[in-house]
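Chemist:
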Amino acid sequence: MNTNIDFFRDKVFQFPRSIKRLISIVIDSLSIVLSFWLALTLSLEKGVDIYNEIYWSVITWVVFSTIYINVILGIYLTVVRHLSTIYILSISLSVASSCVMFELFSLFFEAHIPRYIPLIYGAILLVLIAGSRLFILRWAKGSYKKTNVLIYGAGASGIQLVNSLLKCSEYSPKVFIDDNEKLKGLIISNIRVYAPSEIERLIAKHNIKRILLALPSAKKADRIRVLSSLEHIKIEVLTIPGMSDLVSGKAKIDDFVEVCIEDLLGRDVVPVKENLIHAEIKNKVVMVSGAGGSIGAELCRQITQQKPSKLILFELSEFNLYAIHKELENYILDNELVVELFPVLGNVQNKFATEKVLKSFKVQTVYHAAAYKHVPMVEGNVVEGVYNNVFGTLHLAQAAISASVETFVLISTDKAVRPTNVMGATKRMAELCLQALANSNKHNTRFCMVRFGNVLGSSGSVIPLFKSQIKQGGPITLTHKNITRYFMTIPEAAQLVIQAGAMGTGGDVFVLDMGESVKIYDLATKLIHLSGLQLIDKENPNADIAIVETGLRPGEKLYEELLIGDDVGKTEHERIMTAHEVFLPWIELKIILKTLRLACIDSDQVTIRNILLKAPTGFKPSDDICDYVYQQMPPVKATLSLV
2 MNTNIDFFRD
12 KVFQFPRSIK
22 RLISIVIDSL
32 SIVLSFWLAL
42 TLSLEKGVDI
52 YNEIYWSVIT
62 WVVFSTIYIN
72 VILGIYLTVV
82 RHLSTIYILS
92 ISLSVASSCV
102 MFELFSLFFE
112 AHIPRYIPLI
122 YGAILLVLIA
132 GSRLFILRWA
142 KGSYKKTNVL
152 IYGAGASGIQ
162 LVNSLLKCSE
172 YSPKVFIDDN
182 EKLKGLIISN
192 IRVYAPSEIE
202 RLIAKHNIKR
212 ILLALPSAKK
222 ADRIRVLSSL
232 EHIKIEVLTI
242 PGMSDLVSGK
252 AKIDDFVEVC
262 IEDLLGRDVV
272 PVKENLIHAE
282 IKNKVVMVSG
292 AGGSIGAELC
302 RQITQQKPSK
312 LILFELSEFN
322 LYAIHKELEN
332 YILDNELVVE
342 LFPVLGNVQN
352 KFATEKVLKS
362 FKVQTVYHAA
372 AYKHVPMVEG
382 NVVEGVYNNV
392 FGTLHLAQAA
402 ISASVETFVL
412 ISTDKAVRPT
422 NVMGATKRMA
432 ELCLQALANS
442 NKHNTRFCMV
452 RFGNVLGSSG
462 SVIPLFKSQI
472 KQGGPITLTH
482 KNITRYFMTI
492 PEAAQLVIQA
502 GAMGTGGDVF
512 VLDMGESVKI
522 YDLATKLIHL
532 SGLQLIDKEN
542 PNADIAIVET
552 GLRPGEKLYE
562 ELLIGDDVGK
572 TEHERIMTAH
582 EVFLPWIELK
592 IILKTLRLAC
602 IDSDQVTIRN
612 ILLKAPTGFK
622 PSDDICDYVY
632 QQMPPVKATL
642 SLV
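Numbering (the numbering used here), first residue to last: 2 to 644.
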């Protein structure tokens, strides 16, 4: 029986708005007639005949006039499930107007109705109209099945969140959880505050389906602790936007988002040092190569905030260049900045073109982020990897010298340390090129390199891949259960790169403090749990998501390093270290580079590998040559090339 009622109710509330308004008009009309009849019936006056035709003439005109007044007051435009104070006042005004109409039409038709009957009529009509709305409101609640939620955080944001949720139909807040002992037991917005130790009992008692974090301004260490305590609970965890987005108006407090994995890995960001962040940017002409990539784009965003006079976006991909240019244009316009943007299509391998750009714009600072960085992709395309990462860097650096660029900052990688893959070896070769050029006294360009690990959310990052696999129901694919990586957020990495570049004196290798390395298996497990799902394992074979090992990919390490040796120095920034690495003077390096260039021209993957092995890169490949073209060569030809 209940199922049939629910079905009928749901059907009614799916009617078009015009049909719903017509139903409201019919209900109000019947309420007016019924109120009129009851008022006359309850009258104790003699001679009141409810069947008198004059009375029905009066009520007919009262019905039409009252409905007309209701239309003017906008009563039929309001959604019933959201009764506001203004709406209630409108209903009261409607009833009062209807009483006046009752009296006027009684006089007009000479109905001889006692003066107090319109008052009885008004009281009954108010009860019927208001009561019908309240009935529909309560009936409507059954058609909007709310999800019971627990709110973690009973501070100002939590209270604001509750008030917002009470106005919507999707979520029903049941309890507060807060670490503050002073709040325990208090009732805030009709919701009791409990200690974290009671969370599992409360979830079972109130049938909680989601946990909403209301901790927008909490320190990352506190968020990590809270999220870690919720990992074992099989309920999806969502969070309200960050405080900066709430204050700026970019997001509303009930715009829930998935918990960022940064909250499990990150640290509290160290405030930037203003003298460093401005030094090579403010009022200067700056160029970013690879401006459309994940790191390059974030560098452009932060450089724009430091108000350079001009920013040249140098990018090979037309689409990526368009996207970042459009974004920065809007940012500059919204913030009324005076920054000239120049989106330039180009390839860093073209020395003459890059030199022309640098000289034409009189570039003072270059951030070189253009690189092929996806390890398996470079393993399969060795020649292009060398051309872009080694010679692209060399040509841009030489163009910078010719154009008298003041500062040149290379975005390097932890994979350049004792590399086991071609990508890492090419990035170490790029470092060697800059170190050799930096130690030449024939120019005034300062070269420095900034080395760091993986950034969350970059192209090729495992995080988007894992999230996509979870949404599809799994499994999550992992190359090795024991693989570890360093992680940092893109904004923090970009900030530190800019500050490190300001400290360079020439040939410096800066290393960013990446914190502790993270086991990727643990990362995948946390993502599963935060999605409200359980990991399939021996103890829980019927759970939701499995993790499948696929084996290490070509050139992939189990772990990464940030330093080659132990000679590490501190800088004025606590998150930036300086490394003293071995390098070759330019007179020796250029001989290696000449041989490497000829090998690339001949597409001779064997010679390329031998050169990378003999150069001081520390290259120790973990696999045979994986280049796709090389693997397609006939066996005889491939054998002869080894001689």
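Ideal placement from N, C-alpha and C gives every residue a C-beta, glycine not left out.
1) The beta strand (DSSP E) with Y77 in it runs from where to where?
2) Determine, using beta carbons only, whether F362 and I313 come nearer to each other than 8 Å.
3) Just to confirm, is the Cβ distance from M102 to S158 under 8 Å?
4) DSSP on R452, reduced to helix/strand/coil?
5) Using a threshold of 8 Å, state whether the C-beta atoms of V451 and F511 are closer than that.
6) In the DSSP output, which residue or residues are listed as bridge partners for E1?
7) Classify M489 as helix, strand or coil using the three-state DSSP reduction.
8) So, with DSSP's three-state summary, where would you put H369?
9) If you draw a straight line from the alpha carbon of V376 to that of L585, how long is it in whole angstroms?
10) Can F448 and G502 be called in contact, C-beta distance under 8 Å?
11) In this structure, how does DSSP classify Y629 when only helix, strand and coil are distinguished?
12) So, using beta-carbon positions, are L438 and A495 closer together than 8 Å?
13) According to DSSP, is Y69 helix, strand or coil?
14) Note down, in chain order, each residue of its chain lying with its Cβ closer than 7 Å to the Cβ of L35, except the 5 sequence neighbours on either side.
15) Quick one: residues in its chain with C-beta nearer than 6 Å to the C-beta of I484, no 5 flanking neighbours on either side, listed in chain order?
16) With respect to the beta strand (DSSP E) encompassing F409, which residues constitute its N-terminal and C-terminal limits?
17) What's the gap between the Cα of V194 and the Cα of V176?
18) Return the CA-CA distance between G297 and S413, expressed in angstroms with no decimal places.
19) For V653, collect the residues of the same chain with a Cβ closer than 8 Å to its Cβ; drop the 5 residues on either side in sequence, then sort them by chain order.
20) I'd like to confirm the pairing. Which residues does DSSP put opposite A155 in its beta bridges?
21) Identify whether G294 lies in helix, strand or coil by the three-state DSSP scheme.
22) If I follow the unbroken beta strand (DSSP E) through E432, where does it start and stop?
23) Under the three-state reduction of DSSP, which class applies to S144: helix, strand or coil?
24) Should R429 be labelled buried (16 or more other beta-carbon atoms within 10 Å of its own) or exposed?
25) Beta-carbon separation of A404 and E356 under 8 Å?
26) Leaving aside the five residues before and after L238 along the sequence, list all residues of the same chain whose C-beta is less than 6 Å from its C-beta, in chain order.
27) Tell me which residues share the same chain as G533 and place their Cβ nearer than 8 Å to its Cβ, disregarding the 5 neighbours each side in the sequence.
28) Quick check on the DSSP output: what are the complete alpha helix (DSSP H) runs of length 4 or more inside the region 506-562, in order along the chain?
29) Count the CB pairs spanning the region 291-307 and the region 363-372 that are closer than 8 Å, and state whether there are at least three.
30) Roughly how many angstroms lie between the CA atoms of G419 and H207, to the nearest whole one?
31) Which whole-angstrom value is the C-beta distance of I491 and V456, which I expect to be below 8 Å?
32) Given this structure, state the Cα-to-Cα distance separating V630 from K468, to the nearest angstrom.
33) For S30, which residues of its own chain have a beta-carbon under 6 Å away from its beta-carbon, when the five flanking residues on both sides are left out?
34) Would DSSP call Y117 helix, strand or coil?
35) Can you give me the Cβ contacts of G619 inside the same chain, cut-off strictly under 8 Å, excluding the 5 residues immediately before and after it?
36) Measuring CA to CA, which of W57, L536, T480 is closest to V553?
Modeler: The relevant details are as follows:
1) First-last for Y77: undefined, no H or E at that position.
2) yes
3) no
4) strand
5) yes
6) As shown, the chain starts at 2 and ends at 644. That puts residue 1 outside it, with no answer to give.
7) strand
8) strand
9) 25 Å
10) no
11) helix
12) no
13) helix
14) L129
15) I521, L559
16) 408-412
17) 6 Å
18) 12 Å
19) Limits of the chain in this structure are 2 at one end and 644 at the other, which puts residue 653 out of reach.
20) Looking at the DSSP assignment, A155 forms no beta bridge with any residue, so it has no partner.
21) coil
22) Looking at the DSSP string, E432 is not in any beta strand (DSSP E); the run it does join, the alpha helix (DSSP H), is 423-439.
23) Reliability of the predicted coordinates at S144 is poor, the pLDDT of 46 falling under 50, and the value obtained from them is presented with this limitation in mind. In this structure, S144 counts as helix in the three-state DSSP scheme.
24) buried
25) yes
26) The sequence given here places Val at residue 238; Leu does not occur at that position. These residues qualify, in order along the chain: I212, L231, V260, L531.
27) R211, K235, I236, E237, V238
28) 521-531
29) yes
30) A quick correction: the sequence has Arg, not Gly, at residue 419. Roughly 55 Å between the two C-alpha positions.
31) 5 Å
32) 33 Å
33) V64
34) coil
35) V418, R419, P420, R429, I565
36) Looking at the sequence shown, residue 553 is not Val but Leu. Taking only the C-alpha atoms, the option nearest L553 is T480.
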